[in-house]
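Scroll down for the structure; my scribbles are underneath it.
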Amino acid sequence: MTRTQLTVNPTTTPAAQRDAARETSPADDRVMLSIEHLSKVYADGFKALDDVSLEVRRGEIFALLGPNGAGKTTLIGIVCGLITASSGSVRVDGHDIVRNYRAARSLIGLVPQELTTDAFEKVIDTTAFSRGLFGLAPNPAHIEKVLRDLSLWDKRNSRVRELSGGMKRRLLIAKALAHEPEVLFLDEPTAGVDVELRRDMWLQVRALRERGVTVILTTHYIEEAEEMADRIGVINHGELILVQNTTELMRRLGSKQLTLQLNEPLQQIPEMLAEYELELSEDGHTLIYTYDTHGERTGITALLSDLSRAGVRFTDLRTRETSLEEIFVSLVSPQS
Amino acid sequence: MNLRAVQTIYLFEMSRTFRTLLQSILAPVLTTSLYFVVFGAAIGARIPEMGGVSYGAFIVPGLIMLMLLTQSVSNASFGIYFPRFSGTIYELLSAPVSSFELVLAFVGAAATKAILIGLITLATASAFVPLEIAHPVWMAAFLVLTAVSFSLLGFILGIWADSFEKLGFVPLLVITPLTFLGGTFYSLDMLPPFWQTVSLVNPVVYLVSGFRWSFYGAGDVSVVASLAVVAIFLVVGLTAVWWIFRSGYRLKP
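Protein chains in written order, with my numbering: chain X, 1079 to 1414; chain R, 1053 to 1305.
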């Protein structure tokens, strides 16, 4: 059996390609979405949004990241006209969503979180219906292109109820694209879909961005935000905690931990291992090393070598990625 | 005005009717035929003429009104309730469509269906009894105004209801009893004076009476009163719908 040595060029790794794509992102300076001091308090007193301000530029992919109930869907609902804001203002390409709602909404496409479709309609009819709602003349060629792009053309005469969950999700995207929107909201677009479909959707979204469409997506998959977005906004308890360039944010958040179960308990960490900033458990049996997954070197090889030289032996090791919950805790903690 | 959206919603709603043609068309034809067999041929043969027309002919306007009211309310309430139930209402609310355009499309489609059913009922009735319409223009006006008014009522019901049970509540427990007690099968002067007075509180009496006047030139109450009641229904319905969209009641949290 032969072993092939792989030489990885740093500029051709997926992460490097992604970062290069971000640098050449077609986003321009035109603000497509402007949210100012937006708040929402529901009738039962629940404060879903608290003084949120945000700007998203044309051609940008912006991911709104947050746990369930953080306020992501409320934010999208207000922009799209489904929920009434308590205070604040929203403009889409300069059009106020209340005073000039027709102009604002005609620019927006919305893919909701739930698989809400009219089960008894044909795929092609319900897609054409969405276009008509936006006041546009029928355009069979465009509808065909949208359905082909989303691999639904073969199913155009099927009733919606006959589609699989993944197909329904794609149909919702097709409906949102039927009127050629300039701003596309994707609310948890890949929730509950398989990996292959998820990657297909990412490709679709990138293709839209290439055409100048501004994409705002919500997700609680950090991987998705990392893969797709130019910028990420983190929302928690209705507050926009931070908005940052994706590459920078991932560098800050994307850490992993290597846990070593020691053969013999340690009283203290040897001096020669100080540079690794290791954590030692109270009972002295576990060493934890936290490292940056986006760094050029993780330092694991050097650490293992230095452990050996220091005479520290271990019986087991495992790695663990920082969970989204931990990331949120770190972001909302006073120390952060 | 986004007329294309109005047309899109209207045609979408109408297509539902044609998709369920048997239920939409055959059911009212069958129901009307049964009414005529029972009340027209079996019982009606033993009842003397009423207001100069046979009993079978006498009940025709009331039967059409019964169909018109129940169909208007059912069609409109289901039309707007179903997108709420299935969640597809998001598409309507996020589109560049005004509340007036939404109402125009949904109520227009519901009223159209109800009028079609009314005309089918009329055509079916004419197969059983000889019919003449004294004031065809007024007949058409009553048909359209009543269908629109009660479609508005149905639209409000569809917004208010949060279950299919509530959706069926008003047509079954309000509209049908009021129509049966509204002079569909009898003339008010057949009732004792006390019940005649009580009946005048029933708004459907005015609708049936006005509609019957357009057929035979005579009714239980004056045609002006009938028109006034239709107008009141229309104004109340429009006001309620205006308030619903202004407040976002059951539509926008």
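We put the beta carbon where it would ideally sit given N, CA and C, even for glycine. Predicted, not measured: the structure shown is a model, and the values here were computed from it.
Any chain R beta carbon closer than 8 Å to residue i
| i | result |
| --- | --- |
| residue 1208 of chain X | yes |
| residue 1237 of chain X | no |
| residue 1132 of chain X | no |
| residue 1180 of chain X | yes |
| residue 1128 of chain X | no |
| residue 1188 of chain X | yes |
| residue 1120 of chain X | yes |
| residue 1337 of chain X | no |
Backbone secondary structure at residue i - three-state DSSP
| i | result |
| --- | --- |
| residue 1311 of chain X | strand |
| residue 1202 of chain X | helix |
| residue 1237 of chain R | coil |
| residue 1110 of chain X | strand |
| residue 1118 of chain X | strand |
| residue 1275 of chain R | helix |
| residue 1193 of chain R | helix |
| residue 1322 of chain X | strand |
| residue 1317 of chain X | strand |
| residue 1251 of chain X | helix |
| residue 1399 of chain X | strand |
| residue 1212 of chain X | coil |
| residue 1253 of chain R | coil |
| residue 1161 of chain X | coil |
| residue 1268 of chain X | coil |
| residue 1387 of chain X | helix |
| residue 1140 of chain R | coil |
| residue 1283 of chain X | helix |
| residue 1105 of chain R | strand |
| residue 1292 of chain X | strand |
| residue 1237 of chain X | strand |
| residue 1003 of chain R | A question about residue 1003 of chain R goes unanswered here, because the residues of chain R that appear run from 1053 up to 1305. |
| residue 1054 of chain R | coil |
| residue 1229 of chain R | helix |
Any C-beta of chain X under 8 Å from that of residue i
| i | result |
| --- | --- |
| residue 1165 of chain R | no |
| residue 1302 of chain R | no |
| residue 1054 of chain R | yes |
| residue 1295 of chain R | no |
Under 7 Å from the C-beta of residue i: neighbouring residues of chain X
| i | result |
| --- | --- |
| residue 1060 of chain R | 1207, 1210, 1211 |
| residue 1064 of chain R | 1207 |
Residues sharing a beta bridge with residue i, DSSP
| i | result |
| --- | --- |
| residue 1394 of chain X | X/1339 |
| residue 1173 of chain X | X/1170 |
| residue 1415 of chain X | What the structure shows of chain X is the stretch from 1079 to 1414, and residue 1415 of chain X is not part of that stretch, so it cannot be assessed. |
| residue 1369 of chain X | X/1334 |
| residue 1305 of chain X | DSSP lists no partner for residue 1305 of chain X. |
| residue 1138 of chain X | BP columns for residue 1138 of chain X are empty, so no partner. |
| residue 1125 of chain X | X/1119 |
| residue 1221 of chain X | Note: residue 1221 of chain X sits in no beta bridge, so no partner. |
| residue 1130 of chain X | X/1116 |
| residue 1187 of chain X | X/1262 |
| residue 1143 of chain X | X/1297, X/1312 |
| residue 1357 of chain X | X/1366 |
Where residue i meets chain R, residues with beta-carbon distance less than 7 Å
| i | result |
| --- | --- |
| residue 1192 of chain X | 1139 |
| residue 1160 of chain X | 1142, 1145, 1146, 1304 |
| residue 1184 of chain X | 1148 |
CB contact check: residue i to chain A, cutoff 8 Å
| i | result |
| --- | --- |
| residue 1161 of chain R | Structure shown: chain A not included; protein chains present are X and R. |
Per-residue contacts from residue i into chain X (C-beta, under 9 Å)
| i | result |
| --- | --- |
| residue 1177 of chain R | Ordered by position in chain X, no residue passes the 9 Å Cβ test against residue 1177 of chain R, which lies about 32 Å from the chain. |
Closer than 8 Å at the beta carbon, the chain X residues around residue i
| i | result |
| --- | --- |
| residue 1057 of chain R | 1210, 1211, 1212, 1213 |
Chain R contact residues for residue i, given Cβ-Cβ distances below 8 Å
| i | result |
| --- | --- |
| residue 1195 of chain X | 1138, 1140 |
Subject >> chain X contacts from the region 1141-1157 of chain R (Cβ-Cβ distance under 9 Å) >> reply: Answer set for the region 1141-1157 of chain R: 1141, 1142, 1143, 1144, 1145, 1146, 1147, 1148, 1149, 1150.
Original post:
Closer than 9 Å, Cβ to any Cβ of chain X: which residues of the region 1119-1138 of chain R, in chain order?
Top reply: 1134, 1135, 1138
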